[in-house]
Amino acid sequence: MRAAVVKKVGGPEAVEVLEVPLPEPGPLEVRIKVAAAALNPADAAVWAGHFRPVEEVEYTGLGLDAAGTVDAVGPGVLLKVGTPVIAFDATVLRPTKAQAEYLVTDVNSIAPAPEGMDLTLAATIPLNAMTASLALDYLPLRPRDTLLVTGAAGAVGGYAVELARTRGVRILAQGRPEDEDFLRGRGATWFVSRDADLSEAVHRFAPEGVDGVLDAAALGAPALAAVRDGGIFVSVRADVLPAPQRGVVVRHTAAGPEATRLSYLSALAEVGVLTPRVAQIYPLSQAAEAHAQLARGGRRGRRGRIVLVP
35 MRAAVVKKVG GPEAVEVLEV PLPEPGPLEV RIKVAAAALN PADAAVWAGH FRPVEEVEYT
95 GLGLDAAGTV DAVGPGVLLK VGTPVIAFDA TVLRPTKAQA EYLVTDVNSI APAPEGMDLT
155 LAATIPLNAM TASLALDYLP LRPRDTLLVT GAAGAVGGYA VELARTRGVR ILAQGRPEDE
215 DFLRGRGATW FVSRDADLSE AVHRFAPEGV DGVLDAAALG APALAAVRDG GIFVSVRADV
275 LPAPQRGVVV RHTAAGPEAT RLSYLSALAE VGVLTPRVAQ IYPLSQAAEA HAQLARGGRR
335 GRRGRIVLVP
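One rule links them: number in the working numbering = place in the sequence shown (from 1) + 34.
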């Protein structure tokens, strides 16, 4: 089969598409015929060598998110071949991963795909929606409490706004000026431009500060300054955690395999509560070009994930 892999540390040009052995599922594992796989910043961390020197192994696979159909099952798995699924393949360093023609992962990493949804869209759900959901669990906010979401129109932030709305939380969403209509439509109570002074703008709506922050944009200290004394701050990145102050609890969230949560999120997407978004689609053969686009960052007006299709 063909798979996007990295043989040596470098930039996106280090990404290659190789012919590699077809993986076989073991006990409690599933092989998925991949229809689409999303790109995430964690992929860039692999080819940049942030996890460990890639040269220690022959090659390392790429991709945490996939959507496709069950192709084969290992002992102990009751799923039928042909079942549409989404997968969050959280193990970062393995020879082949989601950006390939086939993916083998454990049964706790998959969930039924949203019925009726194009699998290209469905592939963008797992990592980002799981991260947003877990972060909100770390923010035990009650209805009518106030939540600031930085980077609210991004992949994690967008799902966080939609999930927070289901909890009755008042949401202050930060984003680009052109994102305001989208964010208000997804449930934001108030909007703050990322061009404004964040703390000053937040305190206009919440004079004592917000009850919690989900720092999806990894702003760190400026976002912490918007939290009231004794509030809660959750970041999606451990490397930018600010030092706790004023009794504010500071936490980092990192999602892992959790089939029940992923199934719940898939069901929310199926009924329109979550809005998967695709910015651009590349064929698997152009994986290096797709990763180069990931490195360049998003384009205005094209929010969503870059997706590879075999």
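In this text, a Cβ means the ideal position worked out from N, Cα and C, and glycines have one as well.
For residue i, the three-state DSSP class (helix, strand or coil)
i	result
Gly-219	helix
Val-43	coil
Arg-36	strand
Val-226	strand
Ala-71	strand
Ala-101	strand
Arg-339	strand
Ala-79	helix
Residue range of the beta strand (DSSP E) that includes residue i
i	result
Phe-85	Where Phe-85 is concerned, there is no enclosing beta strand (DSSP E), given that its DSSP letter is neither H nor E.
Glu-50	49-53
Pro-61	Counting along the chain, Pro-61 falls outside any beta strand (DSSP E), and DSSP gives it neither H nor E.
Pro-146	144-146
Pro-118	118-122
Arg-204	204-209
Thr-139	136-140
Thr-180	180-184
Val-247	244-249
Cβ pair residue i, residue j closer than 9 Å
i	j	result
Arg-280	Gly-264	yes
Gly-108	Ala-38	no
Ser-300	Ile-120	yes
Pro-276	Val-283	no
Val-51	Trp-81	no
Unbroken alpha helix (DSSP H) run spanning residue i, endpoints
i	result
Glu-196	189-199
Ala-169	160-171
Val-111	Where Val-111 is concerned, there is no enclosing alpha helix (DSSP H), given that its DSSP letter is neither H nor E.
Ala-235	232-239
Thr-154	153-156
Residue i classed as buried or exposed, judged by whether at least 16 other C-beta atoms fall within 10 angstroms
i	result
Asp-1	No answer is possible for residue 1: it lies beyond the span of the chain, which begins at 35 and ends at 344.
Gly-209	buried
Ala-257	buried
Val-305	exposed
Thr-130	buried
Thr-139	buried
Thr-125	exposed
His-325	buried
Ala-71	buried
Short CB-CB distance (under 9 Å) between residue i and chain D
i	result
Gly-221	Structure shown: chain D not included; a single protein chain is present.
**OP:** Jot down the residue ranges of each uninterrupted alpha helix (DSSP H) in the segment 255-328, minimum 4 residues, whole runs only, in chain order.
**Re:** 255-258 and 293-304
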